[in-house]
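Engineer: Let me give you the structure first, and then I'll get to my questions.
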Amino acid sequence: MVIADAYVCFNETSPANQFEIAIGFMDGLANIYRVLPKPETVYRDYKSAIKSSIHDIEHNKGCWSLHKGCSYLNAYVCDYATPPEIMVQLAVLLPVWDYQDWSGEQLVFANQIYDNIQTFWNEELHTIKRWLPAVEDQLDGSEEQKVPDTMDAWYLHHPLLNLARMALAGDEMAKDLFLKSIDYAIKVAHHFNYKWPVFYNMRTLETIKAETKPGAGGEKDVAGVYVQIMLQAWDLTGNRKFYEEAETAAQSLKQFGFDVFYQANNVAFATKATLRLYKETGKQIYLDICNMLIANMFKNMAIWECDYGYGKNFPLFFGLFPLNDAPYMAVYEEQECFAAFQDLLVMAEQAPLSESAKLLLAEYVKYFINRAIFYYPPMLPNEMLAEEPTTGEIDPKLWIALEDIHDGWEKSGSVGQEVYGAGLAFGIVPRHYIIIPGQPFMVFIDYPTSGKVIKDNTLSITVLGNGQFTCRLCVIKTEDKDMPDISVLAGNKHDQELLDKMDMRQMPLEVNVHGDQTIIIRWAN
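The following block contains the structure:
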C-alpha cells in the first residue's frame with residue numbers, strides 16, 4: 000500500500016534572495032508538474048448552469064433581504080440576521096455586468112443591486128462602509144467583525160476596487176463614490192504605514208486585532224490590493240499622487256517573501272498591480288515582487304486528486320485554498336483568482352513573466368473550469384452536504400454555490416451557501432464562450448485567450464499558456480438550424496495534423512489543442 004507518493008526537485012545553485020527562491024520554486028514546481036499524473040478534463044455545461052443560477056437568484060427569497068424599502072443580497076442563503084454588505088452586492092454585480100455585456104441580456108436583479116449601492120455611503124466618515132449604515136446597529140457581535148464601525152482591512156479595499164472597475168467602464172455613480180472614498184483609504188494606509196492589521200475601528204483607527212495569529216502579522220497582502228486601487232485612481236484622474244502611493248505601497252510588499260499570503264484573491268490582485276508597475280516603470284523590483292506573489296499563490300494549492308470518501312464525487316485537482324490555514328476550497332476567492340490570472344496572462348504578453356508561471360497559471364484556469372461547477376449543490380450528492388452550516392441554510396436544489404468544498408473526509412458547505420459566490424458562472428461564461436453573431440454555434444475554449452477578432456466569417460484567437468500542454472476547444476451548436484461548413488486552422492503543426500483527420504460536421508466538435516498559438520476558425524454557409 001502506498002501511503003504517500005512525493006516528487007522532489009533539486010537545484011545545483013543556492014538562491015541569493017527571496018526573489019530567486021520564488022523563481023526557483025516556480026521552476027521546480029513546473030518541472031514536477033510536467034511529470035505528474037493529471038486527470039482528464041471534461042466539458043462542463045456552464046451555459047445551462049448560468050440559466051439556473053439566474054432563475055434562482057431572481058426568485059429565491061433566501062437570497063434577498065429588504066431594509067428601508069431597498070432590496071439587498073444576503074451574504075448567505077437565508078441569512079437574514081446579518082446586515083447587508085457592500086462587498087456582497089458588488090461581488091455579484093460585476094460578474095453579472097460581464098455576462099450582460101457578453102450576452103446582450105438585461106437582468107432585472109442587476110438593476111436592483113445597482114440602485115442601492117449608494118446607500119452604503121457614510122457622510123460622517125466620508126467613505127463607503129462595509130455594513131449598510133442604516134442598519135449597522137443590528138450587528139449582534141457574534142463574530143469579531145460583527146460590531147459597528149469595525150473594519151476587516153481587506154473589506155474596505157475590495158469594494159473600492161470594484162467601484163473603480165465600474166467607474167473605468169464609464170459609470171458616474173461608481174466614480175463619484177470611489178473618488179469620495181479614496182482619501183479615507185489613503186488616510187488609513189498612512190496611519191498603519193502600509194501594514195494593515197486584521198481589524199480596526201473606522202472612526203478612531205484604533206487597532207482591534209493586530210495579527211491573524213500570534214507572531215504572524217496582519218493582513219500583509221492588503222498592500223497589494225491598495226496598489227491596484229491607487230493605479231485605478233490614477234487611471235481615472237491622471238493625478239500623480241495616486242501613482243506615487245501605488246509605488247510606495249508596492250515597495251512595502253518586498254519584505255514578506257513567502258509569508259505575504261493572507262487571502263488568495265488579495266494576492267491575485269497584487270500580481271496584476273505589480274506587473275502593471277513593472278510595465279509602467281521598467282523597474283526589475285516590481286517584476287520580482289510579482290513573481291514572488293505568484294509563488295505565494297502556488298504554494299497554497301492542492302495539485303493532486305482526491306479519490307477517497309466524499310472526494311469521489313467531485314474533482315479536486317489544482318484546487319486553491321483561500322487562506323494559509325483554510326482546510327477547504329472557497330468559491331468566491333477562487334473565482335476572483337481565476338479572473339485575475341486571465342488578466343495577468345494577457346498583461347504578460349508584453350512582459351517577461353516567467354514561462355513556468357505562464358504554464359501553471361493557464362493550467363490552473365483549465366482545471367478550475369473542470370471542477371468549479373461542483374460548487375453548485377445540485378451537482379453533489381446530498382449526503383456530502385453539511386446539515387448545519389455556520390450561517391444560513393443549504394438548499395441542495397439551489398444553483399447558488401457552496402462557500403466551501405472540503406477534501407474527502409469532511410462534508411462541504413459547512414460555512415454556508417454563498418450568495419456572494421453567485422457570480423461564479425457569470426465570470427466563466429464570458430471569458431470562455433465566444434458568440435459568433437448570426438451563426439447557430441459558439442466556440443468554447445478552456446484556456447485563457449486574447450486578441451479575439453471576428454471578421455469576414457472568420458474567428459481568430461490567441462491561445463495563451465505554454466505550448467507543452469493542451470486545452471479543450473469546442474464548437475457547440477446553439478440553434479436548430481443547418482450548420483455552415485467549418486474549418487479550423489492551428490498554428491501548432493501537430494494540432495493541424497489532428498484537425499485535418501476530423502469530421503468537422505460532427506457536433507459538438509471537440510479537440511485538444513496546445514497553448515501558445517493562434518487558432519483560426521472559418522465558416523461558409
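When the count follows numbering that gives the first Met the number 0, it moves up by one through the sequence shown with no breaks and lands on 524 for the last residue.
Positions of the beta carbon are idealized from the N, C-alpha and C atoms, including for glycine.
As the structure is a computational prediction, the values presented were derived from the model and not from experiment.
Let me know the secondary structure DSSP gives N200 once reduced to three states.
Structural biologist: N200 falls in the strand class under three-state DSSP.
Engineer: Taking only beta-carbon atoms, is L360 less than 7 angstroms away from chain C?
Structural biologist: Of the protein chains in this structure there is only one, and it is not chain C.
Engineer: From K208, N121 and F177, pick the residue whose C-alpha is nearest to that of I228; which is it?
Structural biologist: Nearest option by C-alpha distance: F177.
Engineer: In three-state DSSP terms, what is N524?
Structural biologist: Correct three-state label for N524: coil.
Engineer: Could you give the C-beta distance for N115 and P132, rounded to a whole number, given that I count them as a contact under 8 angstroms?
Structural biologist: The pair is not a contact, with the Cβ atoms about 12 angstroms apart (cut-off 8 angstroms).
Engineer: When the Cα atoms are used, what is the spatial distance from G529 to L65?
Structural biologist: Lying outside 0 to 524, the shown extent of the chain, residue 529 is not represented and no answer is given.
Engineer: Can you list the alpha helix (DSSP H) stretches of 4 or more residues lying completely in the stretch 471-512, in chain order?
Structural biologist: Here the runs fully enclosed are 492-499.
Engineer: Which residues share a DSSP beta bridge with K454?
Structural biologist: According to DSSP, K454 bridges with T457.
Engineer: Find the nearest neighbour of P38 within the set N369, V510, G450 and E402, judged by alpha-carbon distance.
Structural biologist: That would be N369, whose Cα lies nearest to the Cα of P38.
Engineer: Are the CB atoms of G490 and Y446 within a distance shorter than 7 angstroms?
Structural biologist: No, the pair does not count as a contact, with Cβ atoms beyond the cut-off.
Engineer: Distance, Cα to Cα, E304 vs Y374?
Structural biologist: Roughly 16 angstroms separates the two Cα atoms.
Engineer: Mapping DSSP to helix, strand and coil, what is Q137?
Structural biologist: Of the three classes helix, strand and coil, the one that applies to Q137 here is helix, per DSSP.
Engineer: Using the Cβ count rule (16 or more neighbours within 10 Å means buried), how would you classify D151?
Structural biologist: The residue is buried, with at least 16 neighbouring Cβ atoms inside 10 Å.
Engineer: Determine which residues share a DSSP beta bridge with K208 and list them.
Structural biologist: F198, per the DSSP bridge assignment.
Engineer: Exposed or buried, A338, counting other C-beta atoms within 10 Å across all chains shown (16 or more means buried)?
Structural biologist: Buried, because 16 or more other Cβ atoms sit within 10 Å of the Cβ of A338.
Engineer: Using CA atoms only, rank isn't needed, just tell me which of Y432, M296, G437 and Q283 is closest to A267.
Structural biologist: Closest by alpha carbon: M296.
Engineer: Which same chain residues, not among the five before or five after D494, have their C-beta less than 7 angstroms away from its C-beta?
Structural biologist: These residues qualify, in order along the chain: V512 and H513.
Engineer: Can you tell which of I85, H431, Y285 and N59 has its C-alpha closest to the C-alpha of L352?
Structural biologist: When only C-alpha atoms are compared, the closest one is Y285.
Engineer: Which stretch, first to last residue, makes up the alpha helix (DSSP H) that contains W96?
Structural biologist: W96 -> alpha helix (DSSP H) spans I85 to S102.
Engineer: Could you give the residue range of the alpha helix (DSSP H) that holds W63?
Structural biologist: W63 -> not in any alpha helix (DSSP H); beta strand (DSSP E) instead, spanning W63 to H66.
Engineer: Once DSSP output is grouped into helix, strand and coil, what is the label at I393?
Structural biologist: Residue state, collapsed to three classes: coil.
Engineer: Which partner residues of G281 appear in the DSSP bridge assignment?
Structural biologist: According to DSSP, which records beta bridges pairwise, G281 is partnered with nothing at all.
Engineer: Here's the rule I'm using: 16 or more other beta-carbon atoms within 10 Å means buried, otherwise exposed. How should D484 be labelled?
Structural biologist: That one is exposed.
Engineer: Please report the residue range of the beta strand (DSSP E) in which T149 lies.
Structural biologist: Counting along the chain, the beta strand (DSSP E) containing T149 begins and ends at T149 to D151.
Engineer: Taking the alpha-carbon positions, what's the Q250 to G281 distance?
Structural biologist: Roughly 14 angstroms separates the two Cα atoms.
Engineer: Going by the beta-carbon positions, is the gap between T206 and P213 smaller than 7 angstroms?
Structural biologist: Contact flag unset, no.
Engineer: Report yes or no: do the stretch 341-352 and the stretch 386-401 share at least 3 C-beta pairs separated by less than 8 angstroms?
Structural biologist: Short answer: they don't touch.
Engineer: When DSSP labels each residue in this structure, what does H262 get in the three-state scheme?
Structural biologist: Before going further, note that residue 262 is Gln rather than His in the sequence given. Strand.
Engineer: Measure the C-alpha to C-alpha separation of L358 and Y366 and round it to an integer number of angstroms.
Structural biologist: Roughly 13 angstroms separates the two Cα atoms.
Engineer: Which residues in the same chain have their Cβ closer than 7 angstroms to the Cβ of Y307, if we skip the five residues on either side of it in sequence?
Structural biologist: Closer than 7 angstroms at Cβ, skipping near neighbours: G407.
Engineer: Kindly list the residues whose CB is nearer than 8 angstroms to the CB of T40, restricted to its own chain and excluding five residues on each side of it in sequence; keep chain order.
Structural biologist: K365, Y366, I368, N369, D445 and R471, listed in sequence order.
Engineer: Give me the Cα-Cα distance between L458 and R521, rounded to the nearest whole angstrom.
Structural biologist: Cα-Cα distance, rounded: 6 angstroms.
Engineer: Would you mind sorting G420 into buried or exposed? The rule is 16 or more other CB atoms within 10 Å of its CB.
Structural biologist: Burial call: buried.
Engineer: Please state the DSSP three-state secondary structure of V76.
Structural biologist: Residue state, collapsed to three classes: coil.
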